[in-house]
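*Asks:* What follows is a structure written as structure tokens; I'll ask about it next.
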Amino acid sequence: MFNEQELCEIKSEFSAFEYPTPTGQPLIYLDNAATALKPRAVVDAVTQVLTQKTANIHRSVHFLGDRATECYESARTTVSYFLNCDEHEVVFLKNTTEALNLVANAFASKGKILTSMAEHHSNYLVWPERQTIRLSLNQHGQVDLSQLDEVLTAENIELISLAHVSNVTGNEIPIEEVCKVAHRHGVKVLVDAAQSAPHQSLDVETLGCDFLVFSGHKLGSPTGVGVLFGKHQLLEEMDYWLKGGATVESVSLSSHKPKNAPWRFEAGTPAIESVAGLDSALTYLMELDMDRVHDHQLALGQHARNALKEYLPQAILLGEPSSYSGPLSFYVPGVSPHLLARGVSDRYSICIRSGYHCAQPLHDTINAPASLRLSHWVYNSEQDIETAIKRIAAFSNIVS
Numbered sequence: 001m002f003n004e005q006e007l008c009e010i011k012s013e014f015s016a017f018e019y020p021t022p023t024g025q026p027l028i029y030l031d032n033a034a035t036a037l038k039p040r041a042v043v044d045a046v047t048q049v050l051t052q053k054t055a056n057i058h059r060s061v062h063f064l065g066d067r068a069t070e071c072y073e074s075a076r077t078t079v080s081y082f083l084n085c086d087e088h089e090v091v092f093l094k095n096t097t098e099a100l101n102l103v104a105n106a107f108a109s110k111g112k113i114l115t116s117m118a119e120h121h122s123n124y125l126v127w128p129e130r131q132t133i134r135l136s137l138n139q140h141g142q143v144d145l146s147q148l149d150e151v152l153t154a155e156n157i158e159l160i161s162l163a164h165v166s167n168v169t170g171n172e173i174p175i176e177e178v179c180k181v182a183h184r185h186g187v188k189v190l191v192d193a194a195q196s197a198p199h200q201s202l203d204v205e206t207l208g209c210d211f212l213v214f215s216g217h218k219l220g221s222p223t224g225v226g227v228l229f230g231k232h233q234l235l236e237e238m239d240y241w242l243k244g245g246a247t248v249e250s251v252s253l254s255s256h257k258p259k260n261a262p263w264r265f266e267a268g269t270p271a272i273e274s275v276a277g278l279d280s281a282l283t284y285l286m287e288l289d290m291d292r293v294h295d296h297q298l299a300l301g302q303h304a305r306n307a308l309k310e311y312l313p314q315a316i317l318l319g320e321p322s323s324y325s326g327p328l329s330f331y332v333p334g335v336s337p338h339l340l341a342r343g344v345s346d347r348y349s350i351c352i353r354s355g356y357h358c359a360q361p362l363h364d365t366i367n368a369p370a371s372l373r374l375s376h377w378v379y380n381s382e383q384d385i386e387t388a389i390k391r392i393a394a395f396s397n398i399v400s
């Protein structure tokens with residue numbers, strides 16, 4: 001876990017904490033599972049592209065075009081280092097949702113898809129119901145993997161698509177184990193790493209997955225850039241669903257020749273400045289050390305659970321504590337989570353999430369109402385967590 005001095009230094013890198021809030025109280029930002037604040041290094045990287053590298057990539061034959069292309073491809077190298085994969089296995093897209101849709105389009109005419117009831121809507125709606133089987137959940141909302149081998153034996157499954165860490169319960173599933181079982185049956189595995197990429201080291205060789213997706217904005221980059229990792233041979237076999245500029249080598253009156261992966265999937269002019277921001281965000285995180293980032297996440301999660309028991313014992317916590325590795329969601333019986341979130345924002349400048357968190361089937365499956373979600377990141381402290389929960393408890397007493 002980061003110590004007090006380190007946290008002060010980390011927090012000083014995020015300009016958002018310097019600006020006044022409506023209440024005049026210091027900002028406590030605990031909505032990181034939705035999107036993270038941006039470090040100065042990312043802002044500087046984006047500004048540099050917009051002021052010194054404004055050009056189109058891969059086709060502008062001048063020095064600004066060279067700068068822009070070098071910047072863009074340098075980010076691909078950084079992502080490949082972050083994931084321990086080949087550069088040609090990294091595709092830049094808008095976000096996790098687009099990456100999931102790209103893979104779904106490629107597998108639409110193949111066998112069945114195996115996913116779960118715990119998924120974010122982006123990994124739920126993208127798969128056609130007629131060819132999708134969903135793993136059930138236990139009472140805590142944890143995916144029941146005990147049925148995995150049986151389902152893979154009985155059904156013609158082509159692809160498994162699961163969230164590494166739930167954006168609601170914070171529960172982590174053993175992806176390495178899933179991949180080993182899946183590959184014994186000749187089944188591919190896609191990992192939704194939107195909630196794990198900001199908090200832990202991801203080595204696709206160790207995980208053993210065939211695809212992995214995440215968004216940049218949840219780990220400090222600007223919006224508008226996401227990543228699809230895919231094993232190179234699988235990417236080469238996939239059709240490019242968005243056709244147009246930048247996806248082809250040549251076009252004649254009667255035919256066209258697509259580019260190789262990954263460039264065939266990056267249609268049109270990309271968000272070059274956002275990609276540069278992603279490069280900077282990942283570099284910043286790796287310099288902090290992803291193992292320490294993960295330790296910090298786990299320590300704050302434990303502190304949050306302890307604080308809930310002490311200051312808000314009536315709260316019902318979602319998820320299985322033994323496999324916690326991400327956000328923490330709970331509800332207070334009889335009190336609207338939206339009212340609580342609005343109240344602590346308007347009174348105390350505390351930012352938390354309320355609702356179903358784009359995972360309503362999970363809530364419905366475990367008979368849970370809309371919930372409050374606290375999600376922390378590298379700049380948060382135990383004091384942030386404790387203050388937020390105390391304020392939620394105080395406001396809950398006022399409105400209940």
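Residue numbers (full-length UniProt numbering): 1 to 400.
In this text, a Cβ means the ideal position worked out from N, Cα and C, and glycines have one as well.
Using alpha carbons as the reference points, say which of V378, E119 and Q131 lies closest to D291.
*Replies:* The residue with the shortest Cα to Cα distance from D291 is V378.
*Asks:* Would you mind working out which of A307, H58 and S396 sits nearest E386, comparing C-alpha positions?
*Replies:* Minimum Cα distance to E386 is reached at A307.
*Asks:* Out of curiosity, what's the CA-to-CA distance linking L228 and E18?
*Replies:* C-alpha separation (whole angstroms): 34 Å.
*Asks:* What does a CB cutoff of less than 8 Å around L190 pick up in its chain, not counting 5 residues either side in sequence?
*Replies:* The answer, listed in chain order, is L100, V103, L159, I160, S161, L162, C209, D210, F211, L212 and V213.
*Asks:* Rounded to the nearest angstrom, what separates A108 and R184 at their Cα positions?
*Replies:* Answer to the nearest angstrom: the Cα atoms are 22 Å apart.
*Asks:* Could you give the DSSP three-state label for N306: helix, strand or coil?
*Replies:* Here N306 sits in helix by DSSP.
*Asks:* Touching or not, the segment 68-84 and the segment 195-203, by the rule of three or more beta carbon pairs under 8 Å?
*Replies:* Yes, they touch.
*Asks:* Quick check on F229: does DSSP put it in helix, strand or coil?
*Replies:* Reduced to three states, the DSSP call for F229 is strand.
*Asks:* Less than 8 Å between the CB atoms is what I'm expecting for V143 and S116, so what's the real figure, rounded?
*Replies:* Rounded, the Cβ-Cβ distance is 5 Å, consistent with contact.
*Asks:* Considering only their Cβ atoms, is the gap separating S381 from V335 smaller than 8 Å?
*Replies:* No; because the gap between Cβ atoms is not below 8 Å, this pair is not in contact.
*Asks:* Who are the Cβ neighbours of residue 408 in its own chain at under 6 Å, not counting the five residues just before and after it?
*Replies:* Residue 408 lies beyond the range of the chain shown here (1 to 400); nothing can be said about it.
*Asks:* Got a sec, what are the start and stop residues for the alpha helix (DSSP H) L278 sits in?
*Replies:* L278 -> alpha helix (DSSP H) spans I272 to L288.
*Asks:* Compare the C-alpha of V91 against each of H303, P369 and R264 and name the closest.
*Replies:* When only C-alpha atoms are compared, the closest one is R264.
*Asks:* Could you check how far apart the C-beta atoms of P222 and V46 are, in whole angstroms? I think they sit under 8 Å.
*Replies:* That belief holds up - the Cβ atoms of P222 and V46 are roughly 6 Å apart, short of 8 Å.
*Asks:* If you pair each beta-carbon of the segment 271-286 with each one of the segment 65-72, do three or more pairs fall below 8 Å?
*Replies:* Yes, the segment 271-286 is in contact with the segment 65-72.
*Asks:* With 16 as the cutoff for other CB atoms within 10 Å, does S354 come out buried or exposed?
*Replies:* Label assigned to S354: buried.
*Asks:* Tell me, which residues are paired with R373 by DSSP?
*Replies:* Its beta-bridge partners are S329 and R353.
*Asks:* Taking the alpha carbon of Y141 as the reference point, which residue from G226, A41 and D364 has its own alpha carbon closest?
*Replies:* The identity of residue 141 in the sequence shown is Gly, whereas the question assumes Tyr. It is D364.
*Asks:* Taking 8 Å as the threshold (C-beta atoms), are L340 and L312 in contact?
*Replies:* No. Outside cutoff.
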